[in-house]
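Start counting the sequence shown at 8; every next residue gets the next number (the working numbering).
Quick notes on the structure that follows.
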Amino acid sequence: MAKEKITRDMPLAEVVHKYPAAADILMSEGIHCIGCMASHFENLEEGLMAHGKDEKEIIDLLKRMNKAAEKKA
Numbered sequence: 008m009a010k011e012k013i014t015r016d017m018p019l020a021e022v023v024h025k026y027p028a029a030a031d032i033l034m035s036e037g038i039h040c041i042g043c044m045a046s047h048f049e050n051l052e053e054g055l056m057a058h059g060k061d062e063k064e065i066i067d068l069l070k071r072m073n074k075a076a077e078k079k080a
């Protein structure tokens, strides 16, 4: 089980650092800015919204990333 759940308010860089499986999901969804400077001050929700993701897509991505993180833990 993952140490903590991935949440929409987590800094994007923290998500990528703590949960490499989540980074794979983000990349597959076209979120390729995971290594850019914005990832250090932008939270996951802000990054996803900047890439055109709506509320339903954000919820789906959070579920997928948490499921992947639990499998890797």
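All C-beta atoms, glycine included, are put in the ideal place defined by N, C-alpha and C.
Query                                                                                         : Result
Same chain, Cβ closer than 8 Å to residue 27, neighbours up to 5 away in sequence not counted : 79
Residue from 54, 62, 75 and 63 with nearest C-alpha to residue 37                             : 54
Between the CA atoms of residue 30 and residue 57 - distance to the nearest angstrom          : 17 Å
Beta-carbon proximity check, residue 47 vs residue 20, cutoff 8 Å                             : yes
Residue 50: CB within 7 Å of a non-hydrogen atom of the ligand ADP                            : Annotation note on the ligand ADP: not contained in the displayed structure, which lists no ligands.
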